[in-house]
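Here's the structure, in structure tokens; my notes come after.
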Amino acid sequence: METVLIHRHAEAQYFMKEYRNIFTTRSDGKSWPRRNGTWMMASGYNQALLAPAKKKNMQLIAGRVDVPEDRVEQFIRESPWEYERLQVHLNVNIPAAIMSPHGAFIVDEVGITKQGKHSVGVQRQYNGAQGKVGNSQVAVDLIYAVPGERRNADQKTWPLGMDIYLPEHWTEDRERRKEVGIPDSVVFMTKPQIALSLIDRALDQGLMPAFVTADCGYGDSSEFRKHLRDRHVPYVLAISPGDIRVVNASVNVMTGNGTRQRTRGTFPEGTAVESATDIAGRTDCWKTVTWSDGTKGKMKGEFSPEMVRIIDNTAKRYVTDELCWLLLERIEGKSGVVELKAYLCWGMDSASLKHLVKSAHVRWTIEQFHRDAKQLLGLDSFEGRSWKGWHHHISMVLLAFAFLSLLRAEAQNSGGRLPSLRQVARAVVLEVATRELMMERIRLKKYRRDSTRAKYEAEFMLRRFSDW
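Position in the sequence shown (first residue = 1) + 326 = the numbering used here.
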């Protein structure tokens with residue numbers, strides 16, 4: 327099926343104009359030096375990221391926009407434009423075609439494989455892209471996602487921000503900080519703390535999600551969950567089934583003993599304290615729920631919800647204010663081994679079981695975002711070492727992704743179906759190539775303005791010179 331784009335000529339310049347001030351003016355309103363050149367390089371860099379290529383490093387980008395490589399390097403590594411402002415602008419400019427009352431925040435991390443040990447933040451650490459420990463950088467990111475009404479593939483995605491994780495030995499090493507230009511204000515932050523900084527930035531811009539979702543690397547953090555509760559943000563967070571202890575929500579919480587008021591609530595002695603694994607072993611309240619249509623048929627599974635209260639200290643019988651649904655999911659593997667997954671769903675007391683299940687499975691969207699951002703836009707192609715260069719490149723990739731996301735949302739057909747981001751990217755390149763061929767013919771006066779022939783030749787070029 328051909329992807330029909332709403333934007334005339336699918337030109338990124340129309341989209342980029344919304345962000346021009348980021349590259350030409352400072353936050354105080356004064357103009358940057360060489361602002362026109364910076365703006366031209368921003369437009370060119372964006373166009374080069376959208377063009378088909380397996381690796382989008384600065385050498386290739388320079389060739390695509392026909393400028394010396396040192397100009398591209400200066401724009402990414404040294405130019406004073408503020409990547410934070412660009413990411414904030416993404417927070418406040420979610421298009422109407424994507425914005426929805428059902429939009430969720432999804433938190434995750436992405437691994438970027440690296441050679442050597444001098445690039446900012448690099449160390450031997452777990453890299454999700456490789457599924458193992460390796461020499462890599464790790465970034466924490468936040469996206470806005472709207473679930474598809476009927477098909478998983480019809481979700482809409484908008485990038486909100488990405489920041490690099492700096493291991494503690496990086497933040498404590500003055501020499502390494504100086505070599506890569508880490509600002510003095512940057513201190514060590516855990517991945518959940520980085521995620522909260524991205525979420526807080528979005529909330530402070532007036533963007534409120536239906537809920538936040540993340541894997542157990544974030545869901546297991548009581549600090550992460552409490553911060554969301556303090557900001558009145560609902561969440562559906564995966565947890566490690568054997569770690570967190572709970573009591574049933576019906577258990578009476580004691581706040582005094584008749585003579586003095588306790589500062590913390592406690593549960594009665596003899597109350598059953600359980601983990602998600604314990605509850606899954608005793609419950610027989612499993613229900614089969616279908617939450618979406620996938621590429622291989624209906625997406626369904628077995629689930630069991632229970633309203634619980636999270637325990638803070640089992641020995642002292644302390645409870646927290648975290649009263650929520652514990653959603654259990656069991657998955658039988660091909661070998662017959664049953665895998666258990668668990669989610670804490672807070673601020674969603676009145677939600678149906680199907681809604682909880684669908685919310686718990688929105689998170690796959692960010693994995694698709696990582697694949698598309700790497701394969702189509704060169705998220706992992708930056709070859710520099712510096713803090714500024716890394717954040718500049720990543721922010722430009724987020725901007726290019728946002729452009730494609732907007733076109734994709736506007737290409738929704740009458741049945742509510744959306745093309746893939748790869749189809750949209752291919753359509754953008756094809757449309758630009760067709761227009762360029764038509765204009766070249768007019769310049770050479772070789773043919774009349776034949777759009778059909780030009781499109782045929784553009785399709786041939788795309789097949790011949792790229793993997794798109």
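Where a beta carbon is used, it is the ideal one built from N, C-alpha and C, also for glycine.
- Per DSSP, reduced to three states, the secondary structure at T760 is helical.
- Three or more Cβ pairs closer than 8 Å define a contact, and the stretch 484 to 496 meets that threshold against the stretch 434 to 450.
- Secondary structure note for M515: it is in no beta strand (DSSP E), with a DSSP letter that is neither H nor E.
- Note that the stretch 713 to 724 does not touch the stretch 651 to 666; fewer than 3 beta-carbon pairs, one per stretch, sit closer than 8 Å.
- For W651, the uninterrupted beta strand (DSSP E) segment begins and ends at 644 to 658.
- Here the alpha carbon of F431 sits roughly 12 Å from the alpha carbon of R527.
- The beta carbons of L533 and A602 sit no closer together than 8 Å.
- Taken through DSSP and simplified to helix, strand or coil, V559 comes out as coil.
- Note on geometry: alpha-carbon atoms of S405 and I508 lie some 15 Å from one another.
- For N362, the secondary structure class from DSSP, reduced to helix, strand or coil, is helix.
- CA-CA distance, P378 to P421, rounds to 25 Å.
- Counting along the chain, the unbroken alpha helix (DSSP H) around S731 starts and ends at 713 to 736.
- Here L524 has L468, G487 as same chain residues with Cβ atoms under 6 Å from its own Cβ, once five neighbours each way along the sequence are excluded.
- Residue environment analysis places R635 among the buried positions, since at least 16 neighbouring C-beta atoms fall within 10 angstroms of its C-beta.
- Going by beta carbons, D698 and R477 fall outside the 8 Å limit.
- Counting only residues of its own chain and dropping the five nearest sequence neighbours on each side, L522 has a CB closer than 6 Å to the CB of H553.
- About 15 Å separates the beta carbons of G442 and N453, which is beyond the 8 Å limit, so they are not a contact pair.
- Its Cα nearest to that of E628, the residue V683 stands out among A641, V683, A598, R643.
- The Cβ atoms of L375 and L703 lie closer than 8 Å to each other.
- In the three-state reduction of the DSSP assignment, R635 falls in the strand class, which pools E and B.
- When rounded, the separation of the alpha-carbon atoms in V577 and G457 is 41 Å.
- The alpha helix (DSSP H) runs of length 4 or more contained entirely in the stretch 419 to 505 are, from start to end of the chain, 494 to 498.
- Around the CB of V398, 16 or more other CB atoms lie within 10 Å, so the residue is classed as buried.
- By the neighbour-count definition (other C-beta atoms within 10 Å, threshold 16), C611 is an exposed residue.
- A straight-line Cα-Cα distance of about 30 Å links L649 and Q481.
- Note on Y340: under 16 other CB atoms within 10 angstroms of its CB, so exposed under the neighbour-count rule.
- No residue range can be given for Y345, since it is assigned to no beta strand (DSSP E) and is classified by DSSP as neither H nor E.
- Residue range 602 to 608 is occupied by the alpha helix (DSSP H) that includes T603.
- Where S618 is concerned, the enclosing beta strand (DSSP E) starts and stops at 613 to 620.
- A straight-line Cα-Cα distance of about 12 Å links R352 and E410.
- Counting C-beta atoms within 10 angstroms of its own C-beta, E475 has fewer than 16 neighbours from the protein chains shown and is therefore classed as exposed.
- Between L744 and R734 the beta-carbon gap is near 6 Å, inside 8 Å, which marks them as a contact.
- Bounds of the alpha helix (DSSP H) holding K700 are 690 to 701.
- In the DSSP annotation of this structure, the continuous segment of the beta strand (DSSP E) that includes K667 starts and ends at 664 to 672.
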